[in-house]
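J.: In the order they appear, the protein sequences are chains A and B.
Residues in the first sequence are numbered from 1 upward in steps of one, following my numbering.
Residues in the second sequence are numbered from 65 upward in steps of one, following my numbering.
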Amino acid sequence: MAVTLTPNITDPDGFYTQLLAAHDGLSIEDSAALNARLILVLANHIGDRSVLTAALKAAKLEDS
Amino acid sequence: MVATRYETAYQLYPYEKAAGQDLDVVEHHPVVIVGGGPVGLALALDLGKRGTPALVLDDHEGPGQGSKAICFSKRSLDIAHRLGAGQPMVDKGVVWNVGRVFHGDGQLFSFNLQPEEGHRNPAFINLQQPYFEKFLVDAIRQAQANGAPIQIRGKNRVRHIEQDGDITHVQVDTPDGPYQLDADWLIACDGAGSPTRKMMDLTFDGRVFEDNFLIADVRMKADFPTERWFWFHPPFKHSGASALLHKQPDDVWRIDFQLGWDIDRAAELDPDRIRARVDAMLSSQTGTVPDYDLVWTSIYTFQCRRMKNFRHGSVIFAGDAAHQVSPFGARGANSGLQDAENLAWKLDLIVKGQADLSLLDSYAQEREFGADENILNSSRATDFMTPKTEISTIFRNAVLDLAGKYAFARPFVNSGRLSVPCTYDDMPLFTADAMPDAPARSRPGSACPDAPVDDGFLLDLLDGQFTVLAISGDAPSGPALFNVHIPDPSPLLAERYLGAHKQAVYLIRPDQHVIGRWPAYDPDKICAALQRAIGKA
Ligand SMILES: Cc1cc2nc3c(=O)[nH]c(=O)nc-3n(C[C@H](O)[C@H](O)[C@H](O)COP(=O)(O)OP(=O)(O)OC[C@H]3O[C@@H](n4cnc5c(N)ncnc54)[C@H](O)[C@@H]3O)c2cc1C
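#1: For B:Asp516, list the residues DSSP reports as bridge partners.
#2: So, is B:Gly351 buried or exposed, given that buried needs 16 or more other C-beta atoms within 10 angstroms?
#3: Does the Cβ of B:Gln349 have 16 or more other Cβ atoms within 10 Å, making it buried, or fewer, making it exposed?
#4: B:Ile279: beta carbon under 8 Å from a heavy atom of ligand 1?
#5: Tell me whether B:His124 counts as near ligand 1, meaning its Cβ is closer than 8 Å to at least one heavy atom of that ligand.
#6: With the cut-off set at 9 Å, would you say B:Asn176 and B:Asn190 are in Cβ contact?
#7: Which residue's Cα is closest to the Cα of B:Ser378: B:Asp248, B:Tyr356, B:Asp328, B:Asp326?
#8: When DSSP builds the beta bridges, which residues end up paired with B:Ala247?
#9: Where does B:Gln402 sit, in a helix, a strand or coil, going by DSSP?
#10: Candidates B:Ser536, B:Asp88, B:Pro186: which alpha carbon is nearest B:Gln244's?
#11: By how many angstroms is the C-alpha of B:Ala209 removed from the C-alpha of B:Pro259?
#12: In chain A, which residues lie less than 7 Å from B:Phe459 when you measure between Cβ atoms?
#13: State the beta-bridge partners of B:Val165 as determined by DSSP.
#14: In whole angstroms, what separates the C-alpha of B:Leu172 from that of B:Ile279?
#15: Regarding B:Ser456 and ligand 1, is the C-beta to nearest heavy atom distance less than 8 Å?
#16: Are the beta-carbon atoms belonging to B:Ser140 and B:Ser506 less than 9 Å from one another?
#17: Once the 5 residues before and after A:Thr22 are set aside, which same chain residues still bring their CB inside 7 Å of it?
#18: Out of B:Leu556, B:Pro540, B:Lys600, which one is the CA nearest neighbour of B:Trp582?
#19: Taking the Cβ atom as the reference point for each residue, do B:Phe277 and B:Ile363 lie within a distance shorter than 9 Å?
#20: Under 9 Å, do B:Gly434 and B:Thr495 count as touching if we go by C-beta distance?
#21: Say yes only if the C-beta of B:Asn161 is nearer than 8 Å to one or more non-hydrogen atoms of ligand 1, and no if none qualify.
#22: State the CB to CB distance for the pair B:Cys512 and B:Leu526, rounded to an integer number of angstroms; the pair is presumed to be in contact (CB under 8 Å).
#23: Hey, quick one: how far does the beta strand (DSSP E) through B:His549 stretch, first residue to last?
#24: Please state whether the Cβ-Cβ distance between B:Ser510 and B:His565 is less than 9 Å.
#25: Can you confirm whether A:Val41, when its beta carbon is compared against all beta carbons of chain B, has any partner nearer than 9 Å?
#26: For my contact list, B:Ile134 and B:Gln192 are in at a C-beta cut-off of 8 Å; report their separation, rounded to the angstrom.
#27: Just how far apart, CA to CA, sit B:His297 and B:Leu464?
#28: Is the stretch 110-121 of chain B touching the stretch 94-101 of chain B, taking contact as three or more C-beta pairs under 8 Å?
#29: At a cut-off of 8 Å, would you count B:Asp275 as near ligand 1, judging by its Cβ distance to the nearest heavy atom?
#30: So, is B:Trp293 buried or exposed, given that buried needs 16 or more other C-beta atoms within 10 angstroms?
#31: Answer yes or no: do B:Leu421 and B:Leu407 have a C-beta to C-beta separation smaller than 9 Å?
#32: Between B:Pro508, B:Gly528, B:Ile590, which lies nearest to B:Gly542 when the distance is taken from Cα to Cα?
#33: Could you give the C-beta distance for B:His92 and B:Asp237, rounded to a whole number, given that I count them as a contact under 8 Å?
#34: Distance check for A:Ser31 and A:Tyr16, CA to CA, integer angstroms please.
#35: Strictly by DSSP, which residues pair up with B:Ser306?
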């Protein structure tokens, strides 16, 4: 299955603010830890290995 | 002279001058096994019980003292049982199935390695390696008494070998001086430092892991449960990045501390310093420091590597000589025993002229595949326990933090994936699955799962020969093979071998791996599969 790379979040500005707010006041180490936990939570939610593989590729800015 | 390289736990095969040593004629042996560790001994026993002469040369007179293997897997016990050495191991060993993983003060989760009934052997026992070797030697003595052509020569050190066409000339040092013998087959079971491998100038490449582990085996009376306890970031002082507590027989407990890479080994081995660590760990569990003795301490580092080829003409490598893994996962001795049983029946057929030499390439192919699987698992566990980079540490800790709270993260936690036999999927000696919708765990290539049969167990019936196993349906009547018919399978046997099918016929190798399976008995198909299984197709 392909990973969705077209807009898919209804309130992008709202979500973006929420994401940054979660990092408010965190040191760079704590932010890195939060990001890692978030990635793991999201990856598990997706579950499908082919989507995860495609997502990794997209995040590396590799051509599909 | 034969130098003593390590202290032995007990003398099991004292040096005796061999009759041929003084003669001018060179002894000739079909199979010479270099090294009487668990792998060499199991191989000799398996060959000898089949009637093929096996000579074991070891440069000591018994097993080495100290902390090596303690965890022996169900598959190893199944193999030992077939060889007549299993029961004393289980009787002496500490049976365990449950492990707990902690992070700091809290438990992340527990696991049960054998959550199901109907197996003769438990998932694991803990047993000090010297006992394991002793029970193999006891079984060898028993087999010798029944006429099995096995010899073990202690204080016989292989010093030099030379391959000469089909024959290998072997030079052996003994307390009475050197002698020479010739071997049709030389099996190197001489451990991770394999002198044979070095004499042949063969490489042993892989990864070194930059970490040191301190082992302390302590003797004490304590009533911790017989479970494997593993801590990431242990809450007790000076215990390093991880710690392990595991019970062995004779009131001995294995304790492991992960110390990191840059350490002063000599300082860390100071008994006072070790005691301070052990005190902190034990008192964190009991509130007080119990009385204990330090039985054995050592620091080890480890590597994951294997030889490129396990077979070099008539010289064949098995066990640690061929491959080495980290101890997490207990895949060292356990996989070596699978090498031994894979090799034994093939070599036996070849020595008896019943199969072509190429059958031995399947040993190399199957066990190189097994080694890769073990190295993969072992490397992954090690990468989790000893993260290599800052970011891998971040992810590792993220997993641990999540795992305490959410079930989804627990499968990522890796303190060693414990040894299970590999399945030889798609390997040439096996026949394509004619029952793809039958249970996957007993598909061609897999080691037969055990199951109850009458008052005993299925594996007892698979006694080291090619076996046709008919479950329900009619009794097999065809080729002169060893036939086992189970007209009324137990529900567990049916669940593991039939699934939704009413009946099935399995063809099984001497090492209890499934060759093929069919919904009905067809002698032609069995014959074809059998030919293939000995490399003749
Ligand atoms: C700390 C630690 C913990 C471990 N825990 C486990 C565990 O829980 N489970 C597990 O399965 N594995 C474990 N292992 C691995 C296990 O100990 C080895 O995989 C196992 O000993 C390998 O058996 P082997 O017969 O191949 O070699 P070895 O046991 O090394 O035996 C080789 C033999 O060859 C002899 N020899 C060497 N050179 C010569 C020569 N030139 N001539 C004649 N003889 C020679 C040696 O004296 C020795 O007797 C552990 C290892 C370590 C270090």
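Every residue gets a Cβ at the ideal spot worked out from N, C-alpha and C, and that includes glycine.
Computed from a predicted model, the values in this text were never measured in an experiment.
T.: Let's see:
#1: Looking at the sequence shown, residue 516 of chain B is not Asp but Pro. In DSSP, B:Pro516 forms a bridge with B:Phe521.
#2: exposed
#3: exposed
#4: yes
#5: yes
#6: no
#7: B:Asp248
#8: B:His93, B:Thr232
#9: helix
#10: B:Asp88
#11: 32 Å
#12: Ala36
#13: B:Phe173, B:Phe294
#14: 24 Å
#15: no
#16: no
#17: The displayed chain sequence assigns Ala, not Thr, to residue 22 of chain A. Leu34.
#18: B:Pro540
#19: yes
#20: no
#21: no
#22: 6 Å
#23: 546-550
#24: no
#25: yes
#26: 6 Å
#27: 10 Å
#28: yes
#29: no
#30: buried
#31: no
#32: B:Ile590
#33: Their Cβ separation, rounded to whole angstroms, is 19 Å, which puts B:His92 and B:Asp237 out of contact at 8 Å.
#34: 15 Å
#35: B:Phe296
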